[in-house]
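So the structure is just underneath, and the comments pick up after that.
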Amino acid sequence: MLTQVLLNGLFAASLYCLVALGLTLILGVMDIADFAQGATYMLGAFVAFLTVTELGFGFHWALLLAILAAIALGVANNHFIYQPVMRRSASTLIAALGVLLIVQNVAVMVFGSDFQTYSPPFGTNVVEIGAGVIPVYKLTVIGIAVAAVPLVWAFLSKTATGKAIRAMSQNKEGAAIVGIGAREVSLITFALGSALVGLAGALASPVYAFDAFFGADAIVKAFTIVIVGGMGSIAGVLVGVAIIGFGENLVSGYISTEYSTLVTFVLLIAVLFLRPHGLFGKRYA
Amino acid sequence: MSTPHLQVAKHASATSRPAEPEVRAATGHVKRAAVVFALLVAVAGPLFVESTLIQHFLVLIGINVILVLSLDLVVGMLGLSALGHAGFMGIGAYTSALLVMNQGFSFLGGLAAGTAMATFFGVLIGYPSLRLGGHFFVVVTFIVGIVFNLLFTNLVEITKGPMGLPGIPAPEIGGYVFQDKLSYYYLVLAFILLVLFIKWRVHVSRMGRALTAIREEEDLARAVGIRSHRYKVTAFALSTAGAGMAGALYAHYLRFIGPASFDFLHSFDLFVMNLLGGKGTLLGPIIGPALLTAIDQASQLFRPEPARILFGVCLILIIIYMPSGIMGLVRLLDRRKAL
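Note that the protein sequences, when read in sequence, are chains Y and P.
Going by this note's numbering, the residue at position 28 of the first sequence is 28; the numbering climbs one at a time, nothing skipped.
Add 1000 to a position in the second sequence, counting from 1, and you land on the number used in this note's numbering.
Encoded structure:
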């Protein structure tokens, strides 16, 4: 029982982890709580679904196209909505919610309001791990997430571009003085963040039935993880994912699914009381 | 960065702006006339409305007015965004409905309990999250609103889940049952006046001045000895209390509640109503709900998606080009005329 619960938890946590990484990146660098990423998640799912079912391509192509679509949406959002909004020092959060509303309802009109499902790649093959069983597909998703985290971390800490992004998140004016372009950094940040969220949506699509409002739940969970872990911190994301992803699955495995969201809520409030800036967050002025 | 046009609009929105006496007299005059006119329309207008459908809209607008007036305590007076008020409304609605139906509470008893429950959760959430800067507070209210909705859906033993709670009795006060729509409208109107009175008392009190100071420059306010966190939590608690009260009124009016009435979209609508009408103004929280409820009800006759898309586009245009809402425009025109 415990092994099975942990395996399920690991799969859920992998998806949350990708989304939370994307969100924390955009939040840390751009200072935007980008709820519109819910639409990116949904778009990733639909693009992957249509690539497989309509075009008949393999799933790896589906993932690639989903990521490209996600990047296009995220970058366009940044360029056409957030940048003008920030120039007028209006609230990007409200703009983000407006974008979410627009994209979701356009999706209802384009894709219809039915729930979509399709069978995951690798068929119904399963792997036995100890006393638990996990489909090969879910194991692959876990593998992708496990690979993505160190890649993102290495990009941010080792490459010049990554260092520029971190410099921008620490001190905008300082970064500008040493010649880091705000426009390029915002472009790369949005591309990377949206790619991660779109990838997560595409990976989730064969497992869950989805419609135009698919991303909302994932985004809410991911933001909870970001707050619990501490805004803008990768280590915080990992710890937050572990607590929320596994906590929920332990509760739904041993007590009841109905109370698993209650766990999220109680954890969020408890962390806010005990460590208001999150477990790994830096203090905001 | 912003254009001169916008700067004027921003300036006009500051309530404590010292103005030349003639200008102030002119605006005061217009303002008083507008308030008296609005009150007259609100009291006498519905008597001439025959259609029960329009009476129904008026009740719904009234309930949204209470919600937006309450929300404006946070958005207008504190200058923060809050996106979970539909959740607090749901808490008031479920608490009141369940107590009246199962525990034999009277309507006013249920309403008071619903209000108290929403206040309790307001303090529980406001206390930790209002200490944080940046996006924390608004993201937390957003998440909390969604989690409340999940609880309404998932705690099936208590709330009957997605099926909803049917058969909530109509309110009864001192033997009089508010059965028809017109009488309910006046009940709601009485509560609107109560909320307006409380808001006015807050505004002219020490607390109102403290909130203005906190909104304009929190560090400075703390430096002169204003206990900003305590005032912020109080304002948020008052705001969630209003939302809970509106929820109870809503439950006993529709006689049926389900989780869908208190979802994130409703929180969002309330916030847009507040922005559209004009935050931090007296009439803004009345104009916004009236306008948007009418548009929303009209759009129900067609497909809802195009209306929602339009809604999103308008929202983005409002925050870019009209940050102080309709009342901001009115003030701008008024000021130009006076000068």
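Even glycine gets a Cβ: it sits at the ideal position worked out from N, Cα and C.
Asked	Found
Which residues, taken in chain order from the region 1302-1331 of chain P, show a beta carbon closer than 7 Å to some beta carbon of chain Y?	GLU1305, ARG1308, ILE1309, PHE1311, GLY1312, VAL1313, LEU1315, ILE1316, ILE1319, ILE1320, PRO1323
Quick check: the Cα distance between VAL5 (chain Y) and ILE26 (chain Y), rounded to an integer number of angstroms?	32 Å
Taking 9 Å as the CB-CB cut-off, is ILE1295 (chain P) touching chain Y?	no
Could you tell me the distance, in whole angstroms, from the CA atom of GLY74 (chain Y) to the CA atom of SER186 (chain Y)?	11 Å
Could you tell me the boundaries of the alpha helix (DSSP H) in which GLU1216 (chain P) lies?	1206-1216
Please look up how many angstroms separate the CB atoms of THR1119 (chain P) and ALA1237 (chain P), rounded, as I've assumed it's under 8 Å.	5 Å
Leaving aside the five residues before and after VAL1147 (chain P) along the sequence, list all residues of the same chain whose C-beta is less than 8 Å from its C-beta, in chain order.	GLY1087
Spatial neighbours of GLY38 (chain Y) within its chain, please: C-beta separation below 6 Å, excluding the five flanking residues on both sides.	LEU100, GLY215, ALA216, ILE219
Can you list the residues of chain Y that PHE1268 (chain P) reaches, using a CB-CB cut of under 7 Å?	LEU97
What residue from P:ASP1269, P:LEU1189, P:VAL1195 has the CA that sits closest to LEU1039 (chain P)'s CA?	P:LEU1189
Please name the residue in Y:LEU156, Y:ALA62, Y:VAL228 whose C-alpha comes closest to that of PRO1128 (chain P).	Y:VAL228
Run through the region 191-222 of chain Y for me and flag every whole alpha helix (DSSP H) of 4 or more residues, listed as ranges in chain order.	none
Is MET1 (chain Y) buried or exposed, if buried means 16 or more other CB atoms sit within 10 Å of its CB?	exposed
Report buried or exposed for HIS60 (chain Y), applying the criterion of at least 16 other Cβ atoms within 10 angstroms of its Cβ.	exposed
Just checking my contact of VAL29 (chain Y) with THR189 (chain Y) at CB under 8 Å: how many whole Å lie between their CB atoms?	5 Å
Residues bridged to VAL146 (chain Y) by DSSP?	Answer is none; VAL146 (chain Y) lacks a bridge partner.
If you follow the alpha helix (DSSP H) that ILE102 (chain Y) is in, where does it begin and where does it stop?	92-111
Assign LEU1193 (chain P) to one of two classes, buried (16 or more other C-beta atoms within 10 Å of its C-beta) or exposed (fewer than that).	exposed
On the DSSP bridge list, what partners appear for GLN1055 (chain P)?	Per DSSP, none; premise fails for GLN1055 (chain P).
Quick one: is ILE1143 (chain P) buried, meaning 16 or more other Cβ sit within 10 Å of its Cβ, or exposed?	buried
Have a look at P:ALA1093, P:GLY1079, P:ALA1290, P:SER1070 and flag the residue whose alpha-carbon is nearest the alpha-carbon of GLY1258 (chain P).	P:ALA1093
Using a Cβ-Cβ distance under 9 Å, would ASN78 (chain Y) count as near chain P?	no
Take every Cβ of the region 114-122 of chain Y, pair it with every Cβ of the region 198-212 of chain Y, and state whether three or more of those distances are shorter than 8 Å.	yes
According to DSSP, is GLN116 (chain Y) helix, strand or coil?	strand
Would you identify the three-state DSSP class for LEU1069 (chain P), choosing helix, strand or coil?	helix
Which bits of chain P does THR224 (chain Y) rub up against, with CB to CB less than 8 Å?	ILE1143
Compare the C-beta of ARG88 (chain Y) against all C-beta atoms of chain A and say whether one is closer than 9 Å.	Annotation note: the requested chain A is absent from the structure, which comprises protein chains Y and P.
Do you know offhand how far GLU54 (chain Y)'s Cα is from ALA66 (chain Y)'s?	14 Å
Out of P:GLU1305, P:LYS1160, P:LEU1053, point me to the one whose CA is closest to VAL110 (chain Y)'s CA.	P:GLU1305
Compare the C-beta of LYS1128 (chain P) with all C-beta atoms of chain Y and state if any pair is closer than 9 Å.	A small fix is needed here, since residue 1128 (chain P) is Pro in this sequence, not Lys. Yes - at least one Cβ of chain Y is within 9 Å of the one on PRO1128 (chain P).
Between PHE1262 (chain P) and MET1089 (chain P), what straight-line distance do the alpha-carbon atoms span, to the nearest angstrom?	7 Å
Once DSSP output is grouped into helix, strand and coil, what is the label at VAL185 (chain Y)?	helix
Just curious, the alpha helix (DSSP H) that GLU173 (chain Y) is in, first and last residue?	172-177
Counting only C-beta atoms, is LEU1124 (chain P) closer than 9 Å to chain Y at any point?	yes
Could you tell me which of P:ASN1274, P:ALA1034, P:PHE1256, P:TYR1184 sits nearest to LYS1160 (chain P), measuring between CA atoms?	P:PHE1256
In the DSSP assignment, find the beta strand (DSSP E) that holds VAL1340 (chain P) and state where it starts and stops.	The structure shown does not extend to residue 1340 (chain P), since chain P spans only 1001 to 1339, so no value can be given for it.
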